[in-house]
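Trainee:
Number of protein chains: 2
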Amino acid sequence: MAEWSNVTVVTKANLYFDGKVTSRTVVFADGTKKTLGIMLPGEYEFGTAAKEIMEIQAGELKVLLPGQSEWQQISGTGEFTVPANSKFKLEVQSVTDYICSYIEE
Amino acid sequence: MAEWSNVTVVTKANLYFDGKVTSRTVVFADGTKKTLGIMLPGEYEFGTAAKEIMEIQAGELKVLLPGQSEWQQISGTGEFTVPANSKFKLEVQSVTDYICSYIEE
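From first to last, the protein sequence lines stand for chains A and B. Following the numbering used here, the numbering of the first sequence begins with 1 at its first residue and continues without gaps. Following the numbering used here, the numbering of the second sequence begins with 1001 at its first residue and continues without gaps.
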């Protein structure tokens, strides 16, 4: 069972889209930050500040990355990277459990 | 901003009721366990193994505790305790952010 040790967790959730997307913020000893999130089925657009690496732990969804015209399908597990200061779209088909890593450059 | 330091977080979510109730498991240095969870609107029945203290950080819901005939309304923040090996019912009216503490006796 994968777990992160010696981390700090913010107790209050981050809520988006009426709670259909929620996450918890985790800060590591080196100061880097990740969120652990859940997305319920729906269509969403997100904007990034920092670069983000999205790791899908379980779920089914389509992703449209900035500057691309083709949607990418993820079924089960997968990963994609979103540049800083950009927007991306998701079509979530089944409950999706993700890890988002924020990369300061 | 309330946070927990020096904890271990399980990366995979706990999913219930088609993802309408989800939580993340956090283990403290002394071995005690809490979950940080989100409940979307709906009606749910849960069973306990250990005694549970449910702290509502934000939300609106009604609770029917075991052995009681009157529902208890929580709006905003609140807390209730559920005995070990029992069942309780919830009517969640708006997105609810909770902390559940598991008390081994």
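We put the beta carbon where it would ideally sit given N, CA and C, even for glycine.
#1: Could you please give the first and the last residue of the uninterrupted beta strand (DSSP E) stretch that includes residue 40 of chain A?
#2: Return the first residue and the last residue of the beta strand (DSSP E) that residue 1052 of chain B is part of.
#3: Taking the Cβ atom as the reference point for each residue, do residue 1086 of chain B and residue 1034 of chain B lie within a distance shorter than 8 Å?
#4: How many angstroms separate the CA atom of residue 1045 of chain B from the CA atom of residue 1097 of chain B?
#5: Terminal residues of the continuous beta strand (DSSP E) containing residue 1008 of chain B?
#6: Among the candidates A:7, A:22, A:8, whose CA atom is the shortest distance from the CA of residue 14 of chain A?
#7: Using a C-beta to C-beta distance shorter than 8 Å, which residues of chain A count as neighbours of residue 1091 of chain B?
#8: Counting only beta-carbon separations shorter than 8 Å, does residue 13 of chain A have a partner in chain B?
#9: Kindly indicate which three-state DSSP category residue 1030 of chain B falls into: helix, strand or coil?
#10: Sort B:1082, B:1061, B:1080 by Cα distance to residue 1073 of chain B and report the nearest one.
#11: Determine, using beta-carbon pairs with one atom in the stretch 75-86 of chain A and one in the stretch 46-58 of chain A, whether at least three such pairs fall under 8 Å.
#12: In chain B, which residues lie with their C-beta within 8 Å of the C-beta of residue 40 of chain A?
Mentor: Reading it off the structure:
#1: For the purposes of this step, residue 40 of chain A is identified with residue 40 of the first sequence, where counting begins at 1. Segment: none, residue 40 of chain A is in no beta strand (DSSP E) and carries neither H nor E.
#2: Mapped onto the second sequence, residue 1052 of chain B falls at position 52. From DSSP, the beta strand (DSSP E) with residue 1052 of chain B extends over 1051-1064.
#3: By 1-based counting over the second sequence, the position of residue 1086 of chain B is 86. By 1-based counting over the second sequence, the position of residue 1034 of chain B is 34. Going by C-beta atoms, residue 1086 of chain B is not nearer than 8 Å to residue 1034 of chain B.
#4: As a position in the second sequence, residue 1045 of chain B is number 45, starting the count at 1. As a position in the second sequence, residue 1097 of chain B is number 97, starting the count at 1. C-alpha separation (whole angstroms): 17 Å.
#5: In the second sequence, counting from the first residue as 1, residue 1008 of chain B sits at position 8. It spans 1003-1010 - the beta strand (DSSP E) in which residue 1008 of chain B sits, taken as one unbroken run.
#6: Working through the first sequence from its first residue, we reach residue 14 of chain A at position 14. Ranking A:7, A:22, A:8 by Cα distance to residue 14 of chain A puts A:22 first.
#7: Stepping through the second sequence from its first residue, residue 1091 of chain B is reached at position 91. Within 8 Å Cβ-Cβ: nothing; residue 1091 of chain B doesn't reach chain A, min ~16 Å.
#8: Counting from 1 along the first sequence, the entry for residue 13 of chain A is found at position 13. By this cut-off, residue 13 of chain A is an interface position.
#9: What you label residue 1030 of chain B is simply residue 30 of the second sequence in a count that begins at 1. Residue 1030 of chain B: coil per DSSP, three-state reduction.
#10: Taking the first residue of the second sequence as 1, we reach residue 1073 of chain B at position 73. Taking only the C-alpha atoms, the option nearest residue 1073 of chain B is B:1061.
#11: yes
#12: Working through the first sequence from its first residue, we reach residue 40 of chain A at position 40. 1019, 1020, 1040, listed in chain order.
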